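Worksheet: one structure, shown below.
Chains as they are written, first to last, in the working numbering: chain A, 6 to 467; chain B, 525 to 877.
Written out as structure tokens, the structure is:
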């Protein structure tokens, strides 16, 4: 059956493999972002709790550490799946270039190992360590998270800007690991993803407490649970906007076809109009809001700047799904802009009244910001991944040449969809159940992974 | 020693660690699956629940370690293995997802409905992964994984007597390791009945694993001549060590000795893994791809060795710290008669005191 399907549809494996990769990566990136940024937010609460003798902040830190443990354990699973997919879906890619980019994953392994160990120590530490020792035991976690993020995103940067290797007859014969690690896309892609992790996690956590406050739980505990992550996110958002702007300009230079596809620029010219949304067609953008000359201005700070168009490469070298790509880019930028407005609203209210805006509309906006920032995250990932197509390694290896020749990717894709749906539902249910228990009864210490073991089971009754 | 050989040692160390630690974990899942629903079975499951991953599940890390070293240092072998063995490795990955999800949720889900389903899944996944990993090993050892992108047979490469036998051997060995470990855990928990329970099971698993191993020698001879010759040649001392350890462990288990069975059981497994490595040397994929031909350029190998060195320097002390803390808390928790108030944050507790 699968065999027939594959014969009937050329490139069927490729489509299934790309969808499976997109799906699993899109799932993992949320957990990975939380894993990178949440420990820092947790430690801020912990620090505040110790410094100002604030039991609410300490309680938040304690509970957040449990959420960190659960998401970290699930993230480890979805990360393992990705490492299998390097072989199961893209054997030709890993078979050829694993020896080039692999070292970065080895480095990531160290950070992951250390992060897991210190997460475990931190969870243990609530009971066993003195408060400040315990705090310091947690401090390595965010740095390990950033180190891991650097390593993984540097691999993706390398796929966008491959360098540091020599090829002879399709075989890699020489590697310069430092040039691979510090490839030209690292300076803008890596910070963009690190900031995204903080932005997404900040708004996501704040949105949980915004919902709680909208439901009438307006105690100090909920206020603090909203304020700490929201402050982090609102500081990060404008920086992210600037880093993203730099990234877009660098992409216009480093990967002009990706940029042309993001902005639907069909022909190379100056005074290029910037279109907000609209439909991409070979004749240019239909519909949408056009700002004359603005695209050129964004690329080179002058409307005279020449923007390279899709027409400079043959159609088979252009990214697919142009309209989706363009929309993904505009959605990401649009959401980031709205989040900056939200941050300004919050900032001004705080500056003037030392309080969050009183209107429920503010809480509603924060409640939405969590989902919105995840959407922006996914959009950004679509831009960088779909925008690189048809290449898996930019201008070096095509995605269609990297995919497995094994049959059955459709089956695994279907299985993965089902499995991840269950995993996602289970994660949400477990987190909600934890929250419900926190509201109603005492919490139990040993209820999270990486925590201390429960007491020995009782000896048998005679 | 060439740097390719050095990295091969690193890789094999990871494989060994994965086989022993993950093997024991998977085996515990297996015993939890077959324990049955009666009171004794429930208590056995309780012990497994308590003993398994109390601190930390090293499974994932060792596996990721092995995968990353393999694809970085020996990419061509990685490509061949993961494309030809698409089916068994997908199924092994399924087991890993279920197992990992079980680990993430089982403590939190302790009090919820659907716990039984979660336990079943956990047990089942513990069976899936070692079995399909075993079939993959059989495929590699018997030279059914040729270099290239899915150039081997997608089905017969792993659906053959040798692969199935090694799959079964992996399950039996995991069960054996787990049962031996659980005997000590039962002793630690002062549950004499469970000590006997797992002793019987350890003996049964030892006999099953031993029988499968002996049968495996014959099938290897017929089906994987290169590895057979290596195992009875250069690998013979290790094979003998494995047999001696296995027999000695069996004797100790039978006599109910308090010490020695655990290291001997581990020794038997480790010796056979290194025996396989020696037997297959210098081939990554027997008689198709050697270590030297399949190895990455030397700069990459050097980088892998450097990263491994850094990992040892950083991770070992951190791990030691964690285990020390875990051990201390364990002692404290069993000896302290009353539990501390769980909700009070440390600072508040200090004030109260």
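Positions of the beta carbon are idealized from the N, C-alpha and C atoms, including for glycine.
Treat the numbers as computed from the prediction; the structure is a model and nothing was measured.
Where the beta strand (DSSP E) through residue i begins and ends
| i | result |
| --- | --- |
| residue 116/A | Note, residue 116/A: premise wrong, no beta strand (DSSP E); alpha helix (DSSP H) at 96-133. |
| residue 68/A | Where residue 68/A is concerned, there is no enclosing beta strand (DSSP E), although the alpha helix (DSSP H) it sits in stretches over 60-93. |
| residue 186/A | Counting along the chain, residue 186/A falls outside any beta strand (DSSP E), though it belongs to the alpha helix (DSSP H) covering 182-186. |
| residue 385/A | That residue, residue 385/A, is in no beta strand (DSSP E); its alpha helix (DSSP H) goes 365-391. |
| residue 809/B | 807-809 |
| residue 269/A | Segment: none, residue 269/A is in no beta strand (DSSP E) and carries neither H nor E. |
| residue 878/B | Given a span of 525 to 877 for chain B in the structure shown, any question on residue 878/B remains unanswerable. |
| residue 281/A | 279-281 |
C-beta neighbour in chain B for residue i, strict 8 Å
| i | result |
| --- | --- |
| residue 91/A | yes |
| residue 270/A | no |
| residue 133/A | yes |
| residue 304/A | no |
| residue 88/A | yes |
| residue 175/A | no |
| residue 431/A | yes |
| residue 81/A | yes |
| residue 40/A | no |
| residue 445/A | no |
| residue 288/A | no |
| residue 148/A | no |
Bounding residues of the alpha helix (DSSP H) (the contiguous stretch that carries residue i)
| i | result |
| --- | --- |
| residue 720/B | 716-747 |
| residue 704/B | 685-712 |
| residue 275/A | From DSSP, residue 275/A is part of no alpha helix (DSSP H); its letter is neither H nor E. |
| residue 409/A | Neither: residue 409/A is in no alpha helix (DSSP H) and is coded neither H nor E. |
Chain-order list of residues whose beta-carbon lies under 7 Å from that of residue i (same chain, five-residue window excluded)
| i | result |
| --- | --- |
| residue 827/B | none |
| residue 59/A | 53 |
| residue 84/A | 33 |
Short CB-CB distance (under 8 Å) between residue i and chain A
| i | result |
| --- | --- |
| residue 540/B | no |
| residue 661/B | no |
| residue 602/B | yes |
| residue 595/B | yes |
| residue 870/B | For residue 870/B, the pLDDT reaches just 37, beneath the cut-off of 50, and the residue's location in the model is therefore unreliable, although a value from the coordinates is still provided. Closer than 8 Å: yes. |
| residue 592/B | yes |
| residue 528/B | no |
| residue 624/B | yes |
| residue 579/B | Reliability fails at residue 579/B, whose pLDDT of 47 lies under 50, so the model's placement of it is uncertain and the value that follows must be treated cautiously. With 8 Å as the cut-off, residue 579/B counts as an interface residue toward chain A. |
| residue 556/B | no |
| residue 607/B | yes |
| residue 813/B | no |
| residue 611/B | yes |
| residue 797/B | no |
| residue 531/B | no |
Proximal chain A residues relative to residue i, where beta-carbon distance stays under 7 Å
| i | result |
| --- | --- |
| residue 587/B | 85 |
| residue 849/B | 126, 129 and 133 |
Residues near residue i by beta carbon distance below 6 Å, same chain, minus five either side
| i | result |
| --- | --- |
| residue 49/A | 233 |
| residue 414/A | 18, 21 and 22 |
| residue 525/B | none |
| residue 774/B | 730 |
| residue 207/A | 234, 237 and 238 |
| residue 294/A | 281 |
Contacts of residue i in chain B (Cβ-Cβ under 8 Å)
| i | result |
| --- | --- |
| residue 418/A | Ordered by position in chain B, no residue passes the 8 Å Cβ test against residue 418/A, which lies about 11 Å from the chain. |
| residue 224/A | Result: empty, since nearest Cβ-Cβ is about 16 Å, beyond 8 Å. |
| residue 345/A | The premise fails here: residue 345/A is roughly 35 Å from chain B at the closest Cβ pair, so nothing lies under 8 Å. |
| residue 108/A | 596, 824, 827, 828 and 831 |
Interface partners of residue i on chain B, CB under 7 Å
| i | result |
| --- | --- |
| residue 229/A | Within 7 Å Cβ-Cβ: nothing; residue 229/A doesn't reach chain B, min ~13 Å. |
| residue 401/A | Those do not exist, as residue 401/A stays about 15 Å from chain B at its closest Cβ, beyond 7 Å. |
| residue 49/A | Here the premise fails: no neighbours, minimum Cβ distance about 15 Å. |
| residue 97/A | 603 and 673 |
The ligand MG heavy atom lying under 7 Å from the CB of residue i
| i | result |
| --- | --- |
| residue 816/B | Ligands in the displayed structure: none, and consequently the ligand MG is not present. |
Neighbouring residues, chain A, relative to residue i (Cβ below 8 Å)
| i | result |
| --- | --- |
| residue 845/B | 122 and 126 |
| residue 617/B | 85, 86, 89 and 93 |
Contact set between residue i and chain A, taken where Cβ atoms lie within less than 9 Å
| i | result |
| --- | --- |
| residue 649/B | Simply none; closest approach about 11 Å. |
| residue 708/B | The premise fails here: residue 708/B is roughly 13 Å from chain A at the closest Cβ pair, so nothing lies under 9 Å. |
Cut-off 8 Å between Cβ atoms - residues of its own chain near residue i, not counting five sequence neighbours on either side
| i | result |
| --- | --- |
| residue 275/A | 301, 308, 309, 310, 311 and 312 |
| residue 63/A | 50, 51, 54 and 55 |
Chain B contact residues for residue i, given Cβ-Cβ distances below 9 Å
| i | result |
| --- | --- |
| residue 101/A | 599, 600 and 603 |
What are the residues in the stretch 815-842 of chain B lying within 7 Å of chain A by C-beta distance? Result list: 820, 821, 823, 824, 827, 828, 831, 834, 835, 838, 839 and 842.
Original post:
the stretch 672-688 of chain B: which residues have C-beta closer than 9 Å to a C-beta of chain A, in chain order?
Top reply: Identification of residues in the stretch 672-688 of chain B having a C-beta nearer than 9 Å to some C-beta of chain A yields 672, 673, 674, 675 and 678, given in sequence order.
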